[in-house]
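Have a look at the structure below, then the notes.
2 protein chains.
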Amino acid sequence: MSREKLLEVAERLFAEKGYTGTTIREITREAKCNIASVNYHFGSKKNLYLTVFKERFLPRARLIRETFYKLLKKEKEKTPETVIRAFAKAFFLGPIPREERIISHRLVAREMNQPSEAFNLILKELFEPFFHEIINILSKFFPEKEKLRLAVLSIHAQVLYFNFNRLAVEHFCKRKFDEKFLNEVIEHIVKFSLEGIKGIQKNGMEN
Amino acid sequence: MSREKLLEVAERLFAEKGYTGTTIREITREAKCNIASVNYHFGSKKNLYLTVFKERFLPRARLIRETFYKLLKKEKEKTPETVIRAFAKAFFLGPIPREERIISHRLVAREMNQPSEAFNLILKELFEPFFHEIINILSKFFPEKEKLRLAVLSIHAQVLYFNFNRLAVEHFCKRKFDEKFLNEVIEHIVKFSLEGIKGIQKNGMEN
DNA sequence: GTCTATAGCAGGATAGAC
DNA sequence: GTCTATCCTGCTATAGAC
């Protein structure tokens, strides 16, 4: 069906080139649809953009959350380390192809930089429930919720950065972003963040 | 002079709306210049964009680096903590107005997401020298350079995130991004990252 | 250096045939 | 649901007067 094809192509192009950088002409050309099909199916370019978030971005975000729960269930005991590892891994590994994953992070980064209507969707349907869940789990180990919130944002910052900024990471580390390096990056984020969380909770007591 | 005014307005608009989202018409209107002035002074919109990086972004980046050195010089003894604090603070405080600072981070985030010719400038004239400098200083305390590189990227990820993603941070932490919160965020990044670096170096020995 | 006028083109959107 | 043709607007860029 051309509607699905349009959403697929549009998502990729919006992620790569942004909203204004992408044209209906380009989307329909790559989707091998007629130029009028966007307006027929979605009414406007703007509504196509929003539909991309509702029908492609959010379902994928739900998959990432499910991956987190699955990874966590596999663990016999839930230590801070296994929780953080599951959180970090969910953003990098799982059933979603790598290309789609990068698309998601690009879209998020774009919306953070220049929020549109879609930003509220991301906030309410992804960040809020997911981050609060993580905080609830981790607050058993780290009681200071305010500091825990900042720590979760620090983890998310890293996940986002290592995903959407691969070019600079590769250049700076002089490494190809292959399977091996990806696993090293995940382990880096896990260890770095685990000690980080312990640190801010420890230091917090002194204040 | 209208050339400077054009650069100033163009930088702000490019940061807010991106390259394709910003029009010459809008730039000249806000700069109170004639619509033909962009092509007179810069030859093309694209060259205006590049000039923004050369004449506004990079000088500010140099100021940030200088701030780092000044902050570091003030310290009696250079511990990992004082180095990391100087590094983090340089991105948030100093002689540059907050609005300009956010503009810089937005431009960087845009170029990371969708690199143009300007990305090489950022890489070669900002990231490479600055990050290598930090690594050289920190490698006296933490000898494992590979892990240190990833740690520096983790710090940069946080600095970028808390700067260009203020909307989500405010929403999630239920705090206004005022002076007080800013200082808490800086201290959070410092402590989180300090323990993080210690952690990955410690764990690295076991492998 | 600044301005007006305009070329030349690409953009989103729509009407109406099939 | 798909297509062509077309409208209208807005874009970058330039020529040429001042």
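Residue numbers (our numbering), protein chains in the order written: chain B, 1 to 207; chain D, 1001 to 1207. Note that CB positions come from ideal geometry on N, CA and C, so glycine has one too.
In the structure shown, what three-state DSSP assignment does residue i receive?
| i | result |
| --- | --- |
| S193/B | helix |
| E1019/D | One detail in the question is off: residue 1019/D reads as Tyr in this sequence, not Glu. Reduced to three states, the DSSP call for Y1019/D is coil. |
| C1173/D | helix |
| S104/B | helix |
| S139/B | coil |
| G1199/D | helix |
| M205/B | Because the pLDDT of M205/B is 48, which lies under 50, any placement of that residue in the model is unreliable, and the question is left without a value. |
| P97/B | coil |
| M1112/D | helix |
| E125/B | helix |
| N47/B | helix |
| T1028/D | helix |
| K1076/D | coil |
| A36/B | coil |
| N165/B | coil |
| E1133/D | helix |
| E1144/D | coil |
Within this structure, are the beta carbons of residue i and residue j separated by less than 8 Å?
| i | j | result |
| --- | --- | --- |
| I1155/D | I1064/D | no |
| F142/B | L148/B | yes |
| V152/B | F119/B | no |
| A109/B | L48/B | no |
| L1050/D | I1027/D | no |
| A15/B | M1112/D | no |
| L107/B | F57/B | yes |
| L182/B | H105/B | no |
| I1197/D | K1089/D | no |
| K202/B | G1199/D | no |
| F1127/D | F172/B | yes |
| A157/B | A1157/D | yes |
| S1002/D | S1044/D | no |
| E1081/D | L1194/D | yes |
| F211/B | L121/B | Outside the shown range of chain B (1 to 207) lies residue 211/B, about which nothing can therefore be said. |
| K1078/D | L1071/D | no |
| T20/B | G1094/D | no |
| I1135/D | K1145/D | yes |
| E1184/D | F1177/D | no |
Please compile the residues from chain B whose C-beta is within a distance smaller than 7 Å of the C-beta of residue i.
| i | result |
| --- | --- |
| N1165/D | M112 |
| F1208/D | This structure does not reach residue 1208/D, given that chain D is present from 1001 up to 1207, and the question cannot be answered. |
| A1109/D | A109, N113 |
| R1106/D | N113 |
Residue i touches chain D at which residues, Cβ-Cβ below 7 Å?
| i | result |
| --- | --- |
| G151/B | Correcting the residue type first, residue 151/B is Ala in the shown sequence and not Gly. Within chain D, the residues near A151/B are F1192. |
| G199/B | K1191, F1192, L1194, E1195 |
Since residue i meets chain D, which of its residues come closer than 8 Å, beta carbon to beta carbon?
| i | result |
| --- | --- |
| E125/B | Those do not exist, as E125/B stays about 13 Å from chain D at its closest Cβ, beyond 8 Å. |
| K147/B | H1188 |
What does residue i reach in chain B if we use C-beta pairs closer than 8 Å?
| i | result |
| --- | --- |
| K1017/D | T20, Q114 |
| V1185/D | L150 |
| R1060/D | By Cβ distance, chain B contributes nothing, its closest Cβ being about 18 Å from R1060/D, past 8 Å. |
Determine the chain D residues that contact residue i at a beta-carbon separation under 9 Å, and present them in chain order.
| i | result |
| --- | --- |
| R29/B | Chain D residues near R29/B: none, gap ~17 Å exceeds 9 Å. |
Contact set between the region 1082-1096 of chain D and chain B, restricted to residues whose Cβ is under 8 Å from the partner: none
Contact list for the region 155-179 of chain B against chain D, Cβ threshold 8 Å: H156, A157, Q158, L160, Y161, F162, F164, N165, L167, A168, V169, H171, F172, C173
Chain B contacts from the region 1033-1046 of chain D (Cβ-Cβ distance under 9 Å): none
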